[in-house]
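Notes for the one structure printed next.
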Amino acid sequence: MEIRGTIKSKHVDHVRLITSDKKQEIDVFYTESKKFDIEELSERELVVFQVTAESVDYYGLKLAKHWLIHILFPQKKFVYKGKKQKGDSENNGQGWAERRVK
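Residue 18 is where the sequence shown starts when you use the numbering used here, and the numbers rise one by one after that.
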């Protein structure tokens, strides 16, 4: 499910959005792995989130807790490429077997 809106406030574990269509306030929760991506966003910025809903029972009242899956807009400025392998910069993309043949 997609949610489009502007960021009202950012908190430790969730972001509060004001939706574009109905002007509702929705809390979108995120995990520790998405924390870096959320920190790049600023308040009053237009965003589009892909979320999933988790059913929560609150004193007999059924509520939905929205969890962030992916940020569709704006695109990330930084892409995490993972750990650098030993010798990546000096080997020009050659594997260990290709280097030993020479």
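Note that beta-carbon positions come from the ideal geometry of N, C-alpha and C, so glycine has one too.
This one's a predicted model, so the numbers in the text were calculated from it and none came from an experiment.
Task: Cβ-Cβ distance between LEU58 and ILE35 below 8 Å - done: Taking the sequence shown and counting its residues from 1, the one referred to as residue 58 is at position 41. Taking the sequence shown and counting its residues from 1, the one referred to as residue 35 is at position 18. No, these two residues do not count as a Cβ contact at 8 Å.
TODO: Report yes if the C-beta distance between LYS82 and PHE53 is below 8 Å; otherwise report no.
DONE: Along the sequence shown, one-based indexing puts residue 82 at 65. Along the sequence shown, one-based indexing puts residue 53 at 36. No, these two residues do not count as a Cβ contact at 8 Å.
Task: Identified DSSP bridge partners for LEU78 - done: For this step, residue 78 is matched to residue 61 along the sequence shown. TYR75, per the DSSP bridge assignment.
Task: Alpha-carbon spacing of HIS31 relative to GLU71, whole angstroms - done: One-based indexing of the sequence shown puts residue 31 at position 14. One-based indexing of the sequence shown puts residue 71 at position 54. Looking at the two C-alpha atoms, the distance is approximately 14 Å.
Open item on the list: Need the endpoints of the alpha helix (DSSP H) that ASP30 sits in, please.
Closed with: Translated into positions along the sequence shown, residue 30 becomes position 13. No alpha helix (DSSP H) holds ASP30; DSSP gives it neither H nor E.
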